[in-house]
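Numbering (our numbering), first residue to last: 564 to 860.
Every residue, glycine too, gets a C-beta built ideally from N, C-alpha and C.
Report on one structure; see the data block that follows.
Encoded structure:
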């Protein structure tokens, strides 16, 4: 059973969100933390949700709230896995980004001729195209297809596998590897492959699936250098792993970054500039969630 801790906080606290591993360094399975984009009518109220695999005790609750001085309305609730799946799928309209159409099984009839349809059932993983970060990456991949032909692609923090699938479908001669620190996400991605006419594997038109955090896995190192890396994760880890990501990118390779807030973009770009990456195109994206596309000189 999944348990959630939800609290409201101000923007400053939300943008200073630490990595879960930094709050709970001793836990082998720390909770995942997610900050929701504020309601336009309440721009100063940000919502943090922490997901636990078991009920958090008061000590864990206190350690999270200590990182958010402005926290109010702290609630803890049980969320059955079946309910989570239902909630994640209910009323999800298809999402268009360029030629990509992301849809659940309930909206398969929305596919039009010429669409690159991505059938995604999220379950316990993140990524149905609804969030601005995923949409921004899909739009960037659609634009990149008009100017580049990639052959070696890595998707870090794959979630449901939607971005890896988009890349594999757009560049069908490429080899693609998708990683996530969460084994459940890799399992969800594996389940989504058949509905998108993609197999798990290490050759072209297949996606290799690996449980890994950041760039820390032998398969990621063995496959480098990459001509395209996609990383839709949070700003702190994007900065923390800027060196190994940059080193794994081939000269002239492209890096698509998302998961950061607009106010964090300057810091993230600066971290990669130190390693020879510069903007390929103007920053894009929706609302507070930009998509940054860089190229290694």
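So which of 729, 754 and 748 has the shortest CA-CA distance to residue 792? 729
Answer yes or no: do residue 798 and residue 831 have a C-beta to C-beta separation smaller than 7 Å? yes
Going by alpha carbons, who is nearest to residue 596 out of 569, 574, 760 and 771? Closest by C-alpha distance to residue 596, out of 569, 574, 760 and 771, is 569.
Here's the rule: buried if 16 or more other CB atoms are within 10 angstroms of the residue's CB, otherwise exposed. What is residue 766? exposed
Nearest-angstrom Cα separation, counted from residue 835 out to residue 674: 38 Å
Below 8 Å CB to CB, which residues in the same chain sit around residue 618 once its five sequence neighbours on both sides are set aside? Cβ neighbours of residue 618 beyond the five flanking positions: 566, 639 and 641.
Helix, strand or coil: which one does DSSP assign to residue 874? With the chain running from 564 to 860 in the structure shown, residue 874 is simply not present.
For residue 688, count the other beta carbons within 10 Å of its own beta carbon; 16 or more makes it buried, fewer makes it exposed. Which is it? Low confidence applies to residue 688: its pLDDT is 49, below 50, so where it sits in the model is not reliable enough to give any reading.
When the Cα atoms are used, what is the spatial distance from residue 749 to residue 756? 11 Å
Taking the Cβ atom as the reference point for each residue, do residue 717 and residue 770 lie within a distance shorter than 7 Å? Their beta carbons are not under 7 Å apart, which means residue 717 does not touch residue 770 by this criterion.
How long is the line joining the alpha carbons of residue 630 and residue 733, rounded to whole angstroms? 41 Å
Can you tell me which of the three DSSP states residue 688 falls into? Only weak support is given to the placement of residue 688: the predicted model assigns it a pLDDT of 49, under 50, and the question is left unresolved by the model.
So residue 705 is in the alpha helix (DSSP H); what residue range does that whole segment cover? 695-707
Mapping DSSP to helix, strand and coil, what is residue 749? helix
Short Cβ contact (7 Å threshold) for residue 719 with residue 811: Between residue 719 and residue 811, the gap from beta carbon to beta carbon reaches 7 Å or more.
Is the Cβ of residue 792 closer than 7 Å to any Cβ of chain B? Of the chains in the structure shown, none is chain B; there is only one protein chain.
Let me confirm a value: residue 616 is counted as buried when at least 16 other C-beta atoms fall within 10 Å, else exposed. Which label applies? With fewer than 16 other Cβ atoms within 10 Å, it is exposed.
Leaving out five residues before and five after residue 778 in sequence, what residues of the same chain have Cβ atoms less than 7 Å from its Cβ? 804, 807, 808 and 811, listed in sequence order.
C-beta atoms of residue 759 and residue 738 nearer than 7 Å: Here residue 759 is not near residue 738, since their CB atoms are 7 Å or more apart.
Taking only three categories from DSSP, how would you classify residue 675? Of the three classes helix, strand and coil, the one that applies to residue 675 here is coil, per DSSP.
Three-state secondary structure assigned by DSSP to residue 667: coil
Tell me whether the beta-carbon of residue 725 lies closer than 7 Å to the beta-carbon of residue 783. no
Note down the Cα distance separating residue 802 from residue 743, rounded to an integer number of angstroms. Those two C-alpha atoms are separated by around 17 Å.
Buried or exposed: which applies to residue 880, given that a residue is buried once 16 or more other Cβ atoms fall within 10 Å of its Cβ? The question about residue 880 has no answer here: the residues shown for the chain are numbered 564 through 860.
DSSP state of residue 854, grouped into three classes? strand
Determine the closest residue to residue 727 out of 762, 826 and 710, with distance taken between C-alpha atoms. 762
What does a CB cutoff of less than 6 Å around residue 774 pick up in its chain, not counting 5 residues either side in sequence? 746 and 749
On the DSSP bridge list, what partners appear for residue 683? Note: residue 683 sits in no beta bridge, so no partner.
Taking buried to mean at least 16 other C-beta atoms within 10 Å of its own C-beta, is residue 855 buried or exposed? That one is buried.
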